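Peer 1: I'd like to ask you about the structure that follows.
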Amino acid sequence: MKIANYKLNSVKNRLIITSLIILIIPSLCIGLLSYQSAKTELENKMIASTKETIEMTNNTIDQYIAPVMRDVDLLSSQITSSSVDKKDPVTRSLIEGFIAKHPELELVTLGNQNGAWMKAPDPGPQNYDPRTRDWYIASMKNKGQVNISSPYVSATTKNMVISVSKTFGDGNGMIAVNLDLSKLGALLNQVKIGSRGYIYSLDQTSRYISHPTVKPGEEAIEDYYKDVMNNDSGVISYDKDGQKKEGFFTTNKMTGWKIIGAILVDEFSEASQPILHKTMAVIAVALIASGILIFFMVRSIIMPLGLLRKGTSSIKDGDLTQRVQLHHKDEFGELAKDFNDMADSLQALVSEIGETSMQLASSSQEMTATIEQTEESAEHVTKAIVQIALAAETQSQTTDETAKAMEEMAVGIQRIAEAAGTIVDSVLKAKQDVSTGSETIQQVKEQMSNIKISVNESSTIISDLSQSSHHIREMNSVITEIASQTNLLSLNAAIEAARAGEGGKGFAVVASEIRKLADQSKTSADSINSVISEMLAMIEKAGQVMNNKVTIEVDKGLLVTEKANQAFIEIARSANDTVSQIHDISAIAEEMSASSEQVASSVVEISTMSLASAGHTQNISAASEEQLASMQEITSSSEELARMAEKMQKVVEKFTV
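UniProt numbering numbers the first residue of the sequence shown as 1 and each following residue consecutively.
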């Protein structure tokens, strides 16, 4: 199941399978419809030919029977019953001349109500009474009309015959002529329908007049002959001798006989077999030729897609040096060019980000080192202030140690001044480094904004490419619709040409060629539509990558630089506060120096100044603690900036430029 899904997930396999389905199904449908149409047309022609053969047979029977009936009608008016009683020589010569004129007759018989008779040729003495014969009885019932009897065995010749009879003019006798059915059957059996079909006939009483395998005079007892007897014409379907047959019948108006043309149903299929073989051969050749064409067409699509896929895979893995070498003059060539341009832009962008992140890391390290020095100086200041506070407390407790305390205070004031100067220099340097770092961060921010603009422009280009592909697919749909309509029109034209028969063969060939061209156009249009769908999927995927991955990473970079910039602003603000506080410390130190000079003049003032110094030292201690806290915050911000720079550097290291 997984292998099947993998094969279907391949663009190559989907193109081949879709093209083969589009090719094979219409080809088989067209071949089947063409074969079925030709088979139906052939059946119609065979049926029409059978009906024409039946009609010709009907006319043949008319031509065979009509002269006999006409001459019997004429001869009956020239003979009287008395001439038969007398066996008149003139009458003898008339009937002998009649049979000589009609070689298809085997016997001429004259008979009257007295039982007298005459025959030609003369059979000699016979115990024969014409009044007992069926043909005599039927003719006497229909006086003045020419009658045709059912088949019977001639008493004279012992052959199966039918009689054509009519009464004399005086109504007291009649003339009858015998037609040998073997001669008529031999004539009808020469008629063939198809390769194994034949003609046979029945009289009004369902007895065979002629049949290739049934003796004349036998009764047709099958049920399906009831429809033949009850209708003047029509079609019957029946099984005989294990074979399915169709019988087309008509009624001979002169005799009332049923003329039936039987044809085997298998002959319809046998006659259409050559058409089927030719149709399958044409379909096979068309499938082979189209398969070769599909192979090269799919190959021309898959190879560029493979190159593009290899290039995108390299960029996905971080290798920005790969380029797609595709110089086609089509959409794939344009897509490859756009891909290479995008890779160039990304390569330049990542290089600039890498350089900027390295500068940022270096600046953050320098700033961290400077801040550590400032923090260390602040700790020294705090320790000195603590010592001053202890000295002030000692001075307030005893005036005896005033001199010693003053000396210690002078030393402390000197240290405070020196420390304050050092702190001012360090803070000013840190402030300058912070300004440089802030400018660098601003440059990074501007560069990240430019990156975002480039990404948005790439996304816009991909969107425009998607819209162009949609327009191409719409135009391709119009081509497909035109091809379908052309195919339908060519099929209608082929049908009309087939109906036109021989005169429409040339038009049928043209219609067939048009239909082939329409099929090829539709196949090509469907293949193009499938390729465009795959391109749209790839374009949408590229757009998603641009919007979801690159844009997010750029936004993260902007956020990081913004945080770094805010950190530098906080550092600068803290540095300014530190400078202000150090100036306050210097002012306090100067006041302490002035107070120490006044101590010499008055011990009383020493105690007062000691109390004042104690208060001032508490303030200085609080300010020192605040400065130390600010330095710690600056240190934390610089460490955060260093971590951000390191993170940005790791992101850049993923790409090979």
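C-beta atoms are modelled at their ideal positions from N, C-alpha and C, and glycine is treated no differently.
The structure displayed is predicted, hence computed values, not measured ones.
1. Is the segment 44-57 close to the segment 136-146, with three or more CB pairs under 8 Å?
2. Just reading off the beta strand (DSSP E) that tyrosine 198 is part of, what are its end residues?
3. Mapping the DSSP letters down to three states, classify valine 161 as helix, strand or coil.
4. What is the DSSP secondary structure of glutamine 78, counted as helix, strand or coil?
5. Nearest by alpha-carbon distance to lysine 316: which of Ile263, Ser201, Lys541 is it?
6. Within 10 angstroms of the Cβ of threonine 157, are there 16 or more other Cβ atoms? Answer buried if so, exposed if not.
7. Closest to leucine 308 by CA distance: which of Asp241, Arg323, Pro67, Phe296 is it?
8. Sort out for me which residues DSSP pairs lysine 563 with in a bridge.
9. In angstroms, rounded to a whole number, what distance separates the CA positions of serine 530 and alanine 48?
10. Measuring only the C-alpha atoms, how far is valine 298 from isoleucine 17?
11. Suppose you measure from the CA of asparagine 44 to the CA of arginine 499; what does that come to, to the nearest Å?
12. Determine, using beta-carbon pairs with one atom in the segment 196-212 and one in the segment 248-263, whether at least three such pairs fall under 8 Å.
13. Leaving aside the five residues before and after valine 265 along the sequence, list all residues of the same chain whose C-beta is less than 7 Å from its C-beta, in chain order.
14. Here's a check: name, in chain order, each residue in its chain whose Cβ is nearer than 6 Å to the Cβ of isoleucine 193, leaving out the five neighbours to either side.
15. Hey, would you say the C-beta of histidine 471 is under 7 Å away from at least one heavy atom of the ligand PLP?
16. Under 8 Å between the Cβ atoms of leucine 179 and valine 191?
17. Going by beta-carbon coordinates alone, are asparagine 252 and aspartate 519 separated by less than 8 Å?
18. Which one or two residues does DSSP pair with aspartate 180 in a beta bridge?
19. Could you pull the start and end residues of the alpha helix (DSSP H) that methionine 118 belongs to?
20. Can you tell me whether lysine 143 is helix, strand or coil according to DSSP?
21. Starting from asparagine 230, trace the alpha helix (DSSP H) in both directions and tell me its first and last residue.
22. Using a Cβ-Cβ cutoff of less than 6 Å, which residues in the same chain neighbour glycine 171 once the five nearest sequence positions on both sides are dropped?
23. Suppose you measure from the CA of asparagine 112 to the CA of serine 150; what does that come to, to the nearest Å?
24. Considering only the alpha carbon of each residue, which of Asp241, Gln365, Met229 lies closest to valine 214?
25. Where does asparagine 112 fall in DSSP's three states?
26. Could you tell me the alpha carbon to alpha carbon distance between glutamine 126 and tyrosine 136, rounded to whole angstroms?
27. Looking at C-alpha atoms only, which residue of Tyr224, Lys516, Thr321 is the closest neighbour of leucine 287?
28. Would you check if there are 3 or more beta carbon pairs closer than 8 Å linking the segment 27-40 to the segment 225-238?
29. With a CB to CB cut of under 7 Å and the five nearest residues on each side skipped, what residues in its chain are close to histidine 583?
30. Helix, strand or coil: which one does DSSP assign to alanine 136?
31. Quick one: measure Cβ to Cβ for serine 139 and lysine 166, integer angstroms, because I've assumed they're closer than 8 Å.
32. Mapping the DSSP letters down to three states, classify isoleucine 24 as helix, strand or coil.
33. Near alanine 120, which residues of its chain fall below 8 Å by C-beta distance, leaving aside the five closest residues on each side in sequence?
34. For alanine 262, which beta-bridge partners are listed by DSSP?
35. With DSSP as the reference, label valine 285 as helix, strand or coil.
36. Using 10 angstroms around the beta-carbon of histidine 211, count the other beta-carbons present and answer buried if the total reaches 16, otherwise exposed.
Peer 2: Per the coordinate set shown:
1. no
2. Position 198 of the sequence shown, counted from the start, is the residue given in the question as residue 198. Counting along the chain, the beta strand (DSSP E) containing tyrosine 198 begins and ends at 197-202.
3. Counting from 1 along the sequence shown, the entry for residue 161 is found at position 161. In the structure shown, valine 161 sits in a strand (DSSP, three-state: E or B).
4. Here the question's residue 78 lines up with position 78 in the sequence shown. Three-state DSSP puts glutamine 78 in coil, outside helix and strand.
5. Numbered from 1 along the sequence shown, position 316 holds the residue referred to as residue 316. Out of Ile263, Ser201, Lys541, Lys541 has the C-alpha closest to the C-alpha of lysine 316.
6. Indexing the sequence shown from 1 puts residue 157 at position 157. Threonine 157 is exposed by the Cβ-count criterion.
7. Walking along the sequence shown from the start, residue 308 turns up at place 308. Considering only alpha carbons, the answer is Arg323.
8. Residue 563 sits at position 563 when you count from the first residue of the sequence shown. None, per the DSSP bridge assignment.
9. Here residue 530 corresponds to residue number 530 of the sequence shown, with the count starting at 1. Here residue 48 corresponds to residue number 48 of the sequence shown, with the count starting at 1. Taking the straight line joining both Cα atoms gives about 49 Å.
10. In the sequence shown, the residue the question calls residue 298 occupies position 298. In the sequence shown, the residue the question calls residue 17 occupies position 17. Those two C-alpha atoms are separated by around 11 Å.
11. One-based indexing of the sequence shown puts residue 44 at position 44. One-based indexing of the sequence shown puts residue 499 at position 499. Cα to Cα, the separation comes out at about 11 Å.
12. yes
13. Here residue 265 corresponds to residue number 265 of the sequence shown, with the count starting at 1. For valine 265, where only same-chain residues beyond five positions count, the Cβ hits under 7 Å are Lys244, Lys245, Glu246.
14. Numbered from its first residue, the sequence shown carries residue 193 at position 193. So the list reads Thr50, Thr53, Gly261, Ile263, once near-sequence residues are dropped.
15. Only the bare structure without any ligand can be found here, which leaves the ligand PLP out of the picture.
16. Along the sequence shown, one-based indexing puts residue 179 at 179. Along the sequence shown, one-based indexing puts residue 191 at 191. Contact: no.
17. Locating residue 252 in the sequence shown gives position 252, counting from the first residue. Locating residue 519 in the sequence shown gives position 519, counting from the first residue. No, Cβ-Cβ distance for asparagine 252 and aspartate 519 is not below 8 Å.
18. As a position in the sequence shown, residue 180 is number 180, starting the count at 1. Val161, per the DSSP bridge assignment.
19. Counted from its first residue, the sequence shown places residue 118 at position 118. Note, methionine 118: premise wrong, no alpha helix (DSSP H); beta strand (DSSP E) at 117-120.
20. Here residue 143 refers to the residue found at position 143 of the sequence shown. Note: lysine 143 maps to coil in three-state DSSP.
21. One-based indexing of the sequence shown puts residue 230 at position 230. Residues 225-230.
22. The residue labelled residue 171 in the question sits at position 171 within the sequence shown. Excluding sequence neighbours, glycine 171 sits near Lys143.
23. The residue you call residue 112 lines up with position 112 of the sequence shown. The residue you call residue 150 lines up with position 150 of the sequence shown. Cα to Cα, asparagine 112 sits roughly 21 Å from serine 150.
24. Here residue 214 is taken as the residue at index 214 of the sequence shown, counted from 1. Of Asp241, Gln365, Met229, the residue nearest in Cα terms is Asp241.
25. The residue labelled residue 112 in the question sits at position 112 within the sequence shown. If DSSP states are grouped into helix, strand and coil, asparagine 112 belongs with the strands.
26. On the sequence shown, position 126 is the one that residue 126 refers to. On the sequence shown, position 136 is the one that residue 136 refers to. So the two alpha carbons sit approximately 17 Å from each other.
27. Counting from 1 along the sequence shown, the entry for residue 287 is found at position 287. Closest option to leucine 287, Cα to Cα, is Lys516.
28. no
29. In the sequence shown, residue 583 corresponds to position 583, counting from 1. No residues qualify anywhere along the chain.
30. Within the sequence shown, residue 136 is the residue found at index 136, counting from 1. The displayed chain sequence assigns tyrosine, not alanine, to residue 136. Note: tyrosine 136 maps to helix in three-state DSSP.
31. Position 139 of the sequence shown, counted from the first residue, corresponds to residue 139. Position 166 of the sequence shown, counted from the first residue, corresponds to residue 166. So it is a contact: roughly 6 Å between Cβ atoms.
32. Walking along the sequence shown from the start, residue 24 turns up at place 24. Three-state DSSP puts isoleucine 24 in a helix.
33. Your numbering for residue 120 matches position 120 in the sequence shown. Same-chain partners within the cutoff: Arg92, Ile95, Glu96, Phe98, Ile99, Leu107, Val108.
34. Here residue 262 refers to the residue found at position 262 when the sequence shown is read from its first residue. Alanine 262 is bridged to Tyr198, Gly247.
35. Working through the sequence shown from its first residue, we reach residue 285 at position 285. In the structure shown, valine 285 sits in a helix (DSSP, three-state: H, G or I).
36. In the sequence shown, the residue the question calls residue 211 occupies position 211. Under this definition histidine 211 is a buried residue.
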